[in-house]
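Peer 1: Under the UniProt record's numbering, the first residue of the sequence shown is numbered 1, with each subsequent residue one higher. Note that beta-carbon positions come from the ideal geometry of N, C-alpha and C, so glycine has one too.
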Amino acid sequence: MTMLKIENLTFRRGQHIILNDVNLTLKQGQLLTLLGANGAGKSTLLNCISGLITPNQGKVFLKEKDIKQLSSKQIAQQVAYISQQSPQTYQYTVKDYVVLGRASHLNIFDKPKEEDYYYVEKALAILDISHLCDKVYMQLSGGQKQMVNIAKVLVQQPQLILFDEPTSALDYGNVFRVLKLVKELVEQSFSVIMTTHNPEHPILLQKEINESLTALLTNEGKLLVGETPKIITQSNLTQLYDQANLRLFPVKELQRNVCTIAKL
1 MTMLKIENLT FRRGQHIILN DVNLTLKQGQ LLTLLGANGA GKSTLLNCIS GLITPNQGKV
61 FLKEKDIKQL SSKQIAQQVA YISQQSPQTY QYTVKDYVVL GRASHLNIFD KPKEEDYYYV
121 EKALAILDIS HLCDKVYMQL SGGQKQMVNI AKVLVQQPQL ILFDEPTSAL DYGNVFRVLK
181 LVKELVEQSF SVIMTTHNPE HPILLQKEIN ESLTALLTNE GKLLVGETPK IITQSNLTQL
241 YDQANLRLFP VKELQRNVCT IAKL
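Take a look at the structure:
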C-alpha cells in the first residue's frame, strides 16, 4: 500500500525556489533517509508533507487522499512530526507533555484517561527514559528533550513518522537507540522519513532494513531518490558537501562502505 505520494511539488520563498518539482512515493512500512545541506529545504519538505505549509505547486497524498481534503486532526491521526525545535512547555512534567501526543485521539474537551497514560508509560519504557517521567520538560538537556519528543510521537500512534534530524543533539548511546528504534518502527509497518547530515546513517540502515530508500536534496531543490548505494556515491557527496572532503571507504569487516572526512 502506498502511504505517501508527492507529485510535482514546488515551494518558493519569494523568488527563491526551495523545492523544485519534487516527486516521491513511499510505501507502508518503508524508510526514506533524507540528506541535504543546511538550508537546502529538508524541513520545508517535511512541513509540506505534514500540512503545516502549502506548496506553490503540486500535491501531497496520504493513502491516496489529497491532504488538502483532510482536516488537521485527520492528518495528525496519520502523520507525526518531530521538528528540530523543542516547544516551550512551561512547567509541564514529561508525562504530561508526552500525553499531549494523544490529542488527535481525543475529543476537544476530553481529558487524558488512564489508557492514554498507559501509552505514555510504554513509550518512555521503550526509550529507556522512564526515570524522566516526573521531571520538568524545560529543565531537561537537549538530548533528553529529543528522546521525550520521540516518546510523544510514539503515543500518537501515527502511520507515517517524520523525524527531522532526530540524532542531532544525542550522544552515541542515544544515537544507537534512535536508529534501532527507526529499524523497529519500520519492521512494525510504520512508514518513516528521517533527515540527517550523516551519510553513515542511510548506509547502516540500508544494511538492516529491506527496501529502504535514500534521498539527496540538492542545492537547486531537486530530490534524488533511490537505493542507498546508487545515491550515496562519491560523486553525489562531493557535489552536496563540496568543501567537506568526504570520502567513502569499503570496510571488509563491516561488509559495507564507511563515510568520513578524509582530512582537514
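Could you spell out the range, first to last residue, of the alpha helix (DSSP H) harbouring valine 99?
Peer 2: Unbroken run through valine 99: none, as it is neither H nor E.
Peer 1: Identify, in the order they occur along the chain, each residue of the same chain with its Cβ nearer than 8 Å to the Cβ of lysine 27, setting aside the five sequence neighbours on each side.
Peer 2: Met1, Thr2, Met3, Ser191 and Glu211
Peer 1: State whether the stretch 177-189 contacts the stretch 216-233, with contact taken as three or more CB pairs (one from each stretch) at a distance under 8 Å.
Peer 2: The stretch 177-189 vs the stretch 216-233: no contact.
Peer 1: Could you have a look at aspartate 116 and say whether DSSP puts it in helix, strand or coil?
Peer 2: helix
Peer 1: Using 8 Å as the threshold, is the C-beta distance between alanine 125 and glycine 143 below it?
Peer 2: In this structure, glycine 143 does not lie closer than 8 Å to alanine 125 by Cβ.
Peer 1: What separation, rounded to the nearest whole angstrom, lies between the Cα atoms of leucine 24 and leucine 45?
Peer 2: C-alpha separation (whole angstroms): 11 Å.
Peer 1: Taking the beta strand (DSSP E) that glutamine 57 belongs to, which residues open and close that run?
Peer 2: 57-62
Peer 1: Do isoleucine 82 and proline 166 have their CB atoms nearer than 8 Å?
Peer 2: Isoleucine 82 is a Cβ neighbour of proline 166, given a cutoff of 8 Å.
Peer 1: Whose CA, out of Leu237, Gly221 and Lys263, lies closest to the CA of alanine 40?
Peer 2: Gly221
Peer 1: Smallest Cα separation from serine 43: which of Phe163, Leu264 and Asn236?
Peer 2: Phe163
Peer 1: By the three-class DSSP mapping on this structure, what secondary structure does cysteine 48 have?
Peer 2: Looking at cysteine 48 - three-state DSSP - the assignment turns out to be helix.
Peer 1: Serine 72 lies in the alpha helix (DSSP H); which residues open and close that run?
Peer 2: 72-76
Peer 1: With contact counted as at least three CB pairs below 8 Å, one residue from each stretch, are the stretch 128-144 and the stretch 93-108 in contact?
Peer 2: Below 8 Å, enough C-beta pairs join the stretch 128-144 and the stretch 93-108 to call them touching: three or more.
Peer 1: Hey, which unbroken runs of the alpha helix (DSSP H) at 4 residues or more fall wholly within the stretch 137-224?
Peer 2: 142-156, 172-187 and 200-208
Peer 1: Which residues in the same chain as valine 258 place their Cβ atom closer than 6 Å to its Cβ, once the five residues preceding and following it in sequence are excluded?
Peer 2: So the list reads Phe249 and Val251, once near-sequence residues are dropped.
Peer 1: From which residue to which residue does the beta strand (DSSP E) around threonine 260 run?
Peer 2: 256-261
Peer 1: Sort Asn47, Asn20 and Leu224 by Cα distance to isoleucine 161 and report the nearest one.
Peer 2: If we check each option's Cα against that of isoleucine 161, Asn47 comes out closest.
Peer 1: Does asparagine 23 come out as helix, strand or coil in the three-state DSSP assignment?
Peer 2: strand
Peer 1: Can you give me the C-alpha to C-alpha distance between histidine 201 and asparagine 236, rounded to a whole angstrom?
Peer 2: 16 Å
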